[in-house]
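With our numbering as the guide, the letters of the sequence shown map in order to residues 8 to 384.
Beta carbons are placed, not taken as given, at the ideal position from N, Cα and C, and that holds for glycine.
Just so you know, these numbers come straight off a predicted model, no measurement behind them.
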Amino acid sequence: MDLPDLAPATVVVSAGRPDREQGAPVNPPIVLSSTYVNQGATGTGLLYTRMGTETWVPFEEALGALEGAAHPAVVFGSGMAAVAAALSVVPDRGVLVVPRHAYQVSLGYADDLATRHGVEVRRVDIADTEQVVAALDGADVALIESPTNPMLEVADLPVLLAAARERGVTTIVDNTFATPLVQTPLALGADIVLHSVSKYLAGHSDVVLGACVTNDTDLDARLRAYRTLHGAIAGPFEVWLALRGLRTLALRVERSQRSAAELAARLAAHPAVAEVRHPSLPGDPGHERAAQQMRGFGSVLGVRPVGGAEGADAVVAAVRLWTPATSLGGVESTLERRRRFATESTTVPEDLLRLSVGIEDVDDLWADLAQALDRAS
Ligand SMILES: Cc1ncc(COP(=O)(O)O)c(C=O)c1O
């Protein structure tokens, strides 16, 4: 289906459907076959599922269309497989710029590149544009998150992506927190956009998947070759579930963003809360930038209850509706204290709770948080 002029809320519903023929299914089928009838010289037709299966294609087309990409997305077996594939463009002994606050396992992967491949890793405050631009000098690749996990810092994407391009630095933007409905970094000049599809895109906390997407034909070929060589493939059923989840992305994002902004405002006024981080708040350091470059403020909040790490743990123990769990972007609201992980950046405050706002009734979510905060304090 040709979808050039449709709004993203329509694309999530319409993309990746089978051709409209009499008797055709409305949804694409799941093909469970590791191998395909194929003989003689290779190069035509499907061959073996590690190299490609028709069940990836509808999701890849839909995500490619949402990111406004020249190519379909490349789906991987997890967000981390997508991170590893994207970071495979960093040369041995090259220079990689990363946010000091970012998904901790992505930062761990960068450290692994430093240890095993002699890569110089420059950790920067991604919200400090001058610092990042200085770090781009002489760099090969920059990995950008915006908003960052878990600090919700907002990078100046148009300026950073332009500065990287001027310097010949390849840029990778992790768009997991924002989703393509809220920002489309390829349009601002990013080379690769990646997702943990496990989060908002699939949206139901029932699959682990990742994806990369690019406008660049060579990068697209490299990402596909990486997937085949490393066997970093997604199972057909998971990709089908992700496409099913994607159909409601616009509704889920609209609802959870609205609730997140409402909860941020209520939390900021609560006496048992020392600090709230969410770009929707007028006083948040990322507010103005986010208002300019994003279509909404995202649905993840950073909250520091009074009472330090103990106070934060007490809130997690006292909630009844919110689920104490890692991950984010599901229909159900979750929360966790990030520094419970020994590997989380030490500049993330010990008492920071990361809240992922789902699609439940906002007053129910608030009532549960408020009783937990009252009990904990
Ligand atoms: C921003 C971000 N990028 C990448 C990942 C890794 O994704 P996955 O868990 O699907 O491997 C995560 C997971 O939490 C994440 O939050």
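Nearest residue (CA-CA) to residue i, options the options
i      : options                           : result
Asp375 : Leu360, Glu357, Thr330 and Ala239 : Thr330
Leu167 : Thr341, Gly125, Val105 and Arg382 : Val105
Ala271 : Leu248, Asp213 and Leu288         : Leu288
Val6   : Ala14, Arg100, Ile179 and Gly217  : Residue 6 lies beyond the range of the chain shown here (8 to 384); nothing can be said about it.
Ala162 : Ser205, Asp181, Leu248 and Arg174 : Asp181
Thr177 : Val102, Gly293 and Glu282         : Val102
Val246 : Val18, Thr17 and Val38            : Val38
Gln111 : Gly145, His78 and Leu150          : Leu150
Thr60  : Arg231, Val19 and Gly125          : Arg231
Thr62  : Leu94, Gly305, Ser95 and Leu250   : Leu250
Leu164 : Gly175, Ala134 and Phe304         : Ala134
Gly290 : Ala268, Arg57 and Tyr43           : Ala268
His211 : Pro192, Pro243 and Leu256         : Leu256
Glu261 : Ala22, Gly365, Thr155 and Val283  : Gly365
Ala92  : Pro192, Pro187, Arg229 and Val131 : Arg229
Ala241 : Gln190, Gly50 and Val82           : Val82
Ala117 : Asp144, Ile179 and Pro192         : Ile179
Val18  : Leu73, Ala80, Thr353 and Val215   : Leu73
Gly217 : Thr183, Glu339, Gly337 and Gly196 : Thr183
Leu143 : His202, Ala170, Val310 and Glu351 : Ala170
Gly252 : Val215, Tyr207 and Leu274         : Tyr207
Val323 : Glu367, Val338 and Glu343         : Glu343
Residue i - containing alpha helix (DSSP H), residue span
i      : result
Glu68  : Val64 to Leu73
Thr17  : Pro15 to Ser21
His124 : Gln111 to His124
Pro278 : Segment: none, Pro278 is in no alpha helix (DSSP H) and carries neither H nor E.
Leu84  : Here the sequence assigns Gly to residue 84, which means Leu is not the residue at that position. Where Gly84 is concerned, there is no enclosing alpha helix (DSSP H), given that its DSSP letter is neither H nor E.
Val166 : Leu164 to Glu173
Leu380 : Val369 to Ala383
Glu357 : Looking at the DSSP string, Glu357 is not in any alpha helix (DSSP H), and its letter there is neither H nor E.
Asp320 : Gly315 to Ala325
Arg251 : Pro243 to Leu253
Contact set for residue i: own chain, Cβ-Cβ below 7 Å, skip 5 residues either direction
i      : result
Val355 : His108, Pro157, Met158, Arg345 and Arg346
For residue i: DSSP bridge partner residues
i      : result
Ala149 : Val104 and Thr178
Thr341 : Thr330 and Ser363
Ile133 : According to DSSP, which records beta bridges pairwise, Ile133 is partnered with nothing at all.
Thr186 : DSSP, once it has assigned bridges, lists no residue as partnering Thr186.
Residue i (DSSP reduced to helix, strand or coil)
i      : result
His285 : coil
Tyr233 : helix
Ala218 : strand
Thr224 : helix
His294 : helix
Val128 : strand
Contact set for residue i: own chain, Cβ-Cβ below 6 Å, skip 5 residues either direction
i      : result
Asn45  : Gly52 and Leu54
Ala325 : Ala379, Arg382 and Ala383
Ala31  : Pro25
Ser95  : Tyr233
Ala321 : Ala383
Start and end residues, beta strand (DSSP E) containing residue i
i      : result
Leu208 : Element bounds for Leu208: n/a, residue is neither H nor E.
Pro312 : Val307 to Pro312
Val44  : Run containing Val44: none; DSSP gives neither H nor E here.
Val200 : Ile199 to Ser203
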